[in-house]
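Residue numbers (the UniProt record's numbering): 1 to 102. Note that CB positions come from ideal geometry on N, CA and C, so glycine has one too.
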């Protein structure tokens, strides 16, 4: 590109793949945390509050990790779109410049 600004679309695609891996890991973590529901009877009669609290916070963490994974997936999609747009713009520029002879 002119003016000293240069974009390597392959780098955007590569980072997008990394974000896809991160999204998958976050979803796996969410599933693991969500599976940590504590049996309210595990701590005895008095300790039932601990089990209920643990279950509540595990469910909240599962939800938050899932939401974070969704945001990361959106970033990955945006990077893929940006890479395609940069490539298309570069091709359009090449084509329009090639039409003129110096």
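Worksheet entry | Which of helix, strand or coil DSSP assigns to residue 28 | Walking along the chain shown from the start, residue 28 turns up at place 28. Helix at residue 28.
Worksheet item: Which of helix, strand or coil does DSSP assign to residue 86?
Response: What you label residue 86 is simply residue 86 of the chain shown in a count that begins at 1. In the three-state scheme derived from DSSP, where H, G and I count as helix and E and B as strand, residue 86 is classed as helix.
Worksheet entry | C-alpha distance - residue 87 paired with residue 59, whole-angstrom precision | For the purposes of this step, residue 87 is taken as residue 87 along the chain shown, with counting starting at 1. For the purposes of this step, residue 59 is taken as residue 59 along the chain shown, with counting starting at 1. Their backbone Cα atoms lie some 43 Å apart in a straight line.
Worksheet item: Cα separation between residue 7 and residue 50?
Response: As a working note, residue 7 is residue 7 in the chain shown. As a working note, residue 50 is residue 50 in the chain shown. Using only the alpha carbons, I get a separation of about 53 Å.
Discussion item. Residue 31 and residue 54 - do their beta-carbons sit closer together than 8 Å?
Written reply: By 1-based counting over the chain shown, the position of residue 54 is 54. By 1-based counting over the chain shown, the position of residue 31 is 31. Result no, Cβ atoms of residue 54 and residue 31 do not sit closer than 8 Å.
Discussion item. Less than 8 Å between the C-beta atoms of residue 19 and residue 72, yes or no?
Written reply: Walking along the chain shown from the start, residue 19 turns up at place 19. Walking along the chain shown from the start, residue 72 turns up at place 72. In contact: residue 19 and residue 72 (Cβ atoms closer than 8 Å).
Discussion item. Rounding to the nearest angstrom, what Cα-Cα distance links residue 23 and residue 5 in this structure?
Written reply: Locating residue 23 in the chain shown gives position 23, where the first residue counts as 1. Locating residue 5 in the chain shown gives position 5, where the first residue counts as 1. When rounded, the distance between both Cα atoms is 30 Å.
Worksheet item: Between residue 80 and the rest of its own chain, which residues show a CB-CB distance below 6 Å, the 5 nearest in sequence each way excluded?
Response: As a working note, residue 80 is residue 80 in the chain shown. The answer, listed in chain order, is 16.
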